[in-house]
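Structure first, commentary second.
Protein chains: 2
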Amino acid sequence: MARLVSERSDAVIALAEVFRTHGFEGTSLSVITAQTRMGKGSLYHFFPGGKEEMAEAVLQEISRWFAEKVFRPLREDPDADAAIAKMFREVDSYFHSGRRVCLVGAFALGQECARFEQQVRGYFSTWVEDLEACLIRAGHSEDRARDLSEEAVGGIQGALVLARSLNQPEVFERSLQRLKQRLTYE
Amino acid sequence: MARLVSERSDAVIALAEVFRTHGFEGTSLSVITAQTRMGKGSLYHFFPGGKEEMAEAVLQEISRWFAEKVFRPLREDPDADAAIAKMFREVDSYFHSGRRVCLVGAFALGQECARFEQQVRGYFSTWVEDLEACLIRAGHSEDRARDLSEEAVGGIQGALVLARSLNQPEVFERSLQRLKQRLTYE
DNA sequence: CATCAATTGTACCAAACAGTACATAGTGTA
DNA sequence: TACACTATGTACTGTTTGGTACAATTGATG
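Chains A and B are the protein sequences, given in the same order.
FYI, numbering that gives the first Met the number 0 numbers position 158 of the first sequence as 157, with every residue one higher than the one before it.
FYI, numbering that gives the first Met the number 0 numbers position 23 of the second sequence as 22, with every residue one higher than the one before it.
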């Protein structure tokens, strides 16, 4: 049913884009109200803890999304190669082929890394560990699986940095191709 | 000679560490005065343009450092392999073995990427291009050199993100090792 | 249509913000 | 020591910040 009033989940989606665009410190309440078209009344109704609670909700939503679309297949799909292929597909689409930034990665580079320590560490450690387990199932040795999985997760983050700084999304696409090939055929 | 008063170059060094720690938006003037022990008088004397001019000076100093220590050897050293080895040595030491963040990389992920567009793009494009040229001199094909150089520069940035988010500097060290080996022996 | 909780706009607050003005203090040179 | 100039501390500005209070509005339910 169509509603004129918002729900918390709508707010989280909108907030995610605001934080991705402006970073945590750069996201003032006036930026939020302008970009989400929500007033302070609504925002503090849904997030009594203010900006910090908003960012926490966004991080939780990101974790939920990756857990469902990426991490669970890596852990559970009996076809390990298919899970890895799906990971690259989902990552490419999630990051808009290199045009969108990883909020967790951006947080990792700033003070937000301390402020949202568990969420940031949880996101990356789960990713690395689940991918590692998947690579072992795919037949790689334990050492090789750890190396490849760190290389892939780090490589994706670095590719986002590079693609954005050069304003060349194709750098991201090429990186994904290389990583996918390395994980699949070696 | 020992001076009680500061010079602009002292300020730039101190400011670099402040911006690296707090990011651009997170660096308020009160943070700067606290961490650099310089008053507003001095700061606006050296940087009449305020925070933006301070960040610009820091970016310029970073570019200067990399140009001298990393990019020039990549372009000019007749021994290409030695230049690449030096790059990894300097990078490892500059980023304190994964404990220090790349300010330019952090800027690349936020609005600062637009605000300091030329400096951010210049840093990464020079790095990629000079490394690419060096790899061609080392005997790689043009396509292979471009791939390897994007992979290395991106890989370093991603390794910084991952090492910091996991609070495991050794992740950075391992990544450097892998990248170095790939650039040198393949 | 009456009710009531969920949602929202508006006015407001103290603190922190970036930046300015300027008198004072420190420094190299003559 | 006297000078010119650079560097600095301090007090001040208007603006924006994150956050609160609360009355008005909305929408689902009986």
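Yeah, the Cβ is synthetic: ideal placement off N, Cα and C, and Gly gets one too.
For a contact meaning CB atoms closer than 8 angstroms, what does Asp146/A contact in chain B?
Under the 8 angstroms cutoff, chain B gives Arg173 and Arg177.
Using a beta-carbon distance below 7 angstroms, is Gly153/A in contact with chain B?
Yes - at least one Cβ of chain B is within 7 angstroms of the one on Gly153/A.
Counting contacts by CB-CB distance shorter than 7 angstroms, is Gly97/B in contact with chain A?
Output row for Gly97/B: interface = no.
Are Phe46/B and Met37/B close, meaning C-beta to C-beta below 7 angstroms?
Contact: no.
Nearest-angstrom Cβ-Cβ length linking Tyr122/B and Phe65/B, presumed shorter than 8 angstroms
Contact check for Tyr122/B and Phe65/B: beta-carbon distance about 7 angstroms, within the 8 angstroms limit, so the pair qualifies.
Return yes when the Cβ of Gly157/B is within less than 7 angstroms of the Cβ of Gly48/A, no when it is not.
No; because the gap between Cβ atoms is not below 7 angstroms, this pair is not in contact.
Just the C-alpha distance for Leu14/A and Gln110/A, rounded to the nearest angstrom, thanks.
Using only the alpha carbons, I get a separation of about 19 angstroms.
Measuring only between beta-carbons, confirm whether His139/A sits less than 7 angstroms from chain B.
Cβ-Cβ to chain B under 7 angstroms: no for His139/A.
Any beta-carbon of chain B closer than 7 angstroms to the one on Met0/A?
Only weak support exists for where Met0/A lies, its pLDDT of 32 falling under 50; the coordinates are left without a value.
Are the CB atoms of Leu108/A and Ala151/A nearer to each other than 7 angstroms?
Their beta carbons are not under 7 angstroms apart, which means Leu108/A does not touch Ala151/A by this criterion.
Given Ser124/A as reference, the closest of Arg143/A, Gly104/A, Val17/A and His139/A once Cα atoms are compared:
Residue Gly104/A is the option with its Cα nearest to Ser124/A.
What are the uninterrupted segments assigned as alpha helix (DSSP H) that are 4 or more residues long and contained completely in the region 19-90 of chain A, given in chain order?
Entirely contained in the region 19-90 of chain A, the alpha helix (DSSP H) runs reaching 4 residues are, in chain order, 28-35, 39-45, 50-65 and 71-75.
Does Val17/A come within less than 7 angstroms of chain B when only Cβ atoms are used?
Chain B contact via Cβ: absent.
Mind pulling the chain B residues with CB within less than 7 angstroms of Ser124/A?
Residues of chain B with a Cβ closer than 7 angstroms to the Cβ of Ser124/A are, in chain order, Leu165.
Look at the alpha carbon of Phe87/A and the alpha carbon of Ala10/B, and state the distance between them as a whole number of angstroms.
Using only the alpha carbons, I get a separation of about 44 angstroms.
Closest to Asp91/B by CA distance: which of Tyr184/B, Ala162/B and Leu28/B is it?
Ranking Tyr184/B, Ala162/B and Leu28/B by Cα distance to Asp91/B puts Ala162/B first.
Proximity below 7 angstroms, CB of Arg136/A to CB of Ala79/A
Yes, these two residues count as a Cβ contact at 7 angstroms.
Can you tell which of Val17/B, Leu102/B and Leu130/B has its C-alpha closest to the C-alpha of Val30/B?
Taking only the C-alpha atoms, the option nearest Val30/B is Val17/B.
Within 7 angstroms (strictly less), CB to CB, does Arg7/B reach chain A?
It does not: the Cβ of Arg7/B has no partner Cβ on chain A nearer than 7 angstroms.
Could you tell me if Gly22/A is buried or exposed, where buried requires 16 or more neighbouring beta carbons within 10 angstroms of its beta carbon?
Classification of Gly22/A: buried, given that the 10 Å Cβ count is 16 or more.
Among the residues of its own chain, which have a CB less than 8 angstroms from the CB of Ala1/A, if the five just before and after it don't count?
With a pLDDT of only 36 at Ala1/A, under 50, the local geometry of the prediction cannot be trusted, and the value read off the model is given with reservation. Taking C-beta separations shorter than 8 angstroms and ignoring five residues to either side along the sequence, Ala1/A has no partners in its chain.
Where Gln176/A falls: helix, strand or coil (DSSP)
Looking at Gln176/A - three-state DSSP - the assignment turns out to be helix.
His95/A (DSSP reduced to helix, strand or coil):
Three-state DSSP puts His95/A in a helix.
With 7 angstroms as the threshold, decide whether the Cβ of Leu161/B is near any Cβ in chain A.
Judged by the 7 angstroms Cβ criterion, Leu161/B is in contact with chain A.
Simplified DSSP assignment, three categories, for Ala137/B
Ala137/B: coil per DSSP, three-state reduction.
From this set, Ala82/A, Glu141/A, His95/A and Pro168/A, which residue's C-alpha is nearest Lys179/A's C-alpha?
Checked all of Ala82/A, Glu141/A, His95/A and Pro168/A; the closest Cα to Lys179/A is Ala82/A.
Out of His95/A, Arg19/A and His44/A, which one is the CA nearest neighbour of Ser5/A?
The candidate whose alpha carbon is nearest that of Ser5/A is His44/A.
Using the C-alpha atoms, what's the distance from Phe115/A back to Ala56/A?
Roughly 11 angstroms between the two C-alpha positions.
When you compare each of Asp129/A, Leu175/A, Asp146/A and Leu102/A to Asp59/A by their alpha carbons, which one comes out closest?
With the sequence shown as reference, residue 59/A is identified as Gln, and Asp is not the correct amino acid for it. Gln59/A has its Cα closest to that of Leu102/A, out of Asp129/A, Leu175/A, Asp146/A and Leu102/A.
Beta-carbon spacing of Lys68/A, Glu51/A below 7 angstroms:
For Lys68/A and Glu51/A, no; Cβs fall outside 7 angstroms.
State the Cα-Cα distance for the pair Arg63/A and Pro77/B, rounded to the nearest angstrom.
If you take the alpha carbons of Arg63/A and Pro77/B, they lie about 51 angstroms apart.
Following the continuous alpha helix (DSSP H) through Gly104/A, name the residue where it begins and the one where it ends.
Per DSSP, Gly104/A is one residue of the alpha helix (DSSP H) stretching across Leu102 to Leu108.
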